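Residue numbers (the working numbering): 702 to 972. Even glycine gets a Cβ: it sits at the ideal position worked out from N, Cα and C. These figures come from a predicted structure and were not determined experimentally. Since the structure comes first, as structure tokens, the remarks are kept for the end.
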């Protein structure tokens, strides 16, 4: 099923797949357009030093929170507008969890959270946001140690909740595109047209355990609504960011990344 749908997505997207969008920093001060859907990246701190809290890539220093930002988020916002009838602000931006306007946004996106730490104020703000109907999507973290770090933070945010694997019969898998499973999407430097789609253990926090299976995991409220969705052992955001880095990567991974993103956003808006 996914192969046939992928063909349609490729046809819809290919015309613009050669132009990556160039970003201009954190955009934390960018005002929201409340008449449109705003795709908002969360700014957070990470623990550790070089290679942990931050890293060098493509000639500059990156904090973990900004991995694939803003190009990936901008590309996804633009594609979401093409693939749905949602009126989308095509310029994504960022906010801290303590931002006074956080409640204006029904969905927040976090990336590369394997070293994330939150202050007491940030944990309280996130808990308030989630318990008042907010939806957080967390992406691009791999292996056991990075999961344990994130799960530890979430125990402090939602101490009375346990995460669960989201089964493939959950409505999120079919909110727009029919996904039979979570696609595993590697970052471009680790991608190959053949062989394993898992990223190498050396690229992630140790111990990794097996990283061969991508999963959706979630924290639910009392009514079964997803409050926090985690796409683990996959890098959906890189599929957005790297859409113009070669036809084979676009067709193999970026199309699936846009399917997942579209399903997540539409599901979040309907719930």
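**Asked** Taking the beta strand (DSSP E) that residue 961 falls in, what are its first and last residues?
**Response** Along the chain shown, one-based indexing puts residue 961 at 260. Looking at the DSSP string, residue 961 is not in any beta strand (DSSP E); the run it does join, the alpha helix (DSSP H), is 956 to 971.
**Request:** Go through the segment 811 to 845 residue by residue and report every complete run of the alpha helix (DSSP H) that reaches 4 residues or more, in order.
**Result:** 821 to 832
**Request:** Ignore the nearest five residues each way along the sequence and tell me which others in residue 982's own chain have a CB closer than 6 Å to its CB.
**Result:** Only positions 702 to 972 of the chain appear in the structure, and residue 982 is not among them; the question remains open.
**Prompt:** Hey, would you say residue 954 sits closer than 9 Å to residue 905, going by beta carbons?
**Reply:** Position 253 of the chain shown, counted from the first residue, corresponds to residue 954. Position 204 of the chain shown, counted from the first residue, corresponds to residue 905. Contact flag unset, no.
**Asked** Roughly how many angstroms lie between the CA atoms of residue 827 and residue 812, to the nearest whole one?
**Response** Residue numbering aside, residue 827 sits at position 126 when the chain shown is read from its first letter. Residue numbering aside, residue 812 sits at position 111 when the chain shown is read from its first letter. Each residue's alpha carbon lies about 15 Å from the other.
**Request:** Identify whether residue 764 lies in helix, strand or coil by the three-state DSSP scheme.
**Result:** Counting from 1 along the chain shown, the entry for residue 764 is found at position 63. If DSSP states are grouped into helix, strand and coil, residue 764 belongs with the strands.
**Message:** With H, G and I counted as helix, E and B as strand and the rest as coil, what does DSSP make of residue 904?
**Reply:** Residue 904 sits at position 203 when you count from the first residue of the chain shown. Helix.
**Prompt:** Which residues does DSSP pair with residue 932 in a beta bridge?
**Reply:** As a working note, residue 932 is residue 231 in the chain shown. Beta-bridge pairing links residue 932 to 840 and 917.
**Request:** Compare the C-beta of residue 869 with all C-beta atoms of chain D and state if any pair is closer than 9 Å.
**Result:** No chain D appears in the structure shown, which is made up of a single protein chain.
**Message:** Tell me the DSSP secondary structure of residue 912 in three-state form.
**Reply:** The sequence position of residue 912 within the chain shown is 211, counting from 1. Residue 912 falls in the coil class under three-state DSSP.
**Request:** Please classify residue 968: is it buried, with 16 or more other beta-carbons within 10 angstroms of its beta-carbon, or exposed?
**Result:** Locating residue 968 in the chain shown gives position 267, where the first residue counts as 1. Buried.
**Message:** Am I right that residue 859 and residue 830 are in contact with their C-beta atoms under 8 Å? What's the rounded C-beta distance?
**Reply:** Taking the chain shown and counting its residues from 1, one reaches residue 859 at position 158. Taking the chain shown and counting its residues from 1, one reaches residue 830 at position 129. Not a contact, Cβ separation roughly 11 Å.
**Prompt:** Which word fits residue 749, buried or exposed, when buried means at least 16 other C-beta atoms lie within 10 angstroms of its C-beta?
**Reply:** For the purposes of this step, residue 749 is identified with residue 48 of the chain shown, where counting begins at 1. It counts as exposed.
**Request:** Go ahead and label residue 844 buried or exposed: buried means 16 or more other beta carbons lie within 10 angstroms of its beta carbon, across all protein chains shown.
**Result:** Residue 844 sits at position 143 when you count from the first residue of the chain shown. It counts as buried.
**Message:** Just to confirm before moving on: does the CB-CB distance between residue 886 and residue 815 stay below 9 Å?
**Reply:** One-based indexing of the chain shown puts residue 886 at position 185. One-based indexing of the chain shown puts residue 815 at position 114. Cβ distance not < 9 Å, so residue 886 and residue 815 don't count as in contact.
**Request:** Tell me whether residue 770 sits in a helix, a strand or coil according to DSSP, three-state version.
**Result:** Within the chain shown, numbered from 1, the residue matching residue 770 stands at position 69. Residue state, collapsed to three classes: coil.
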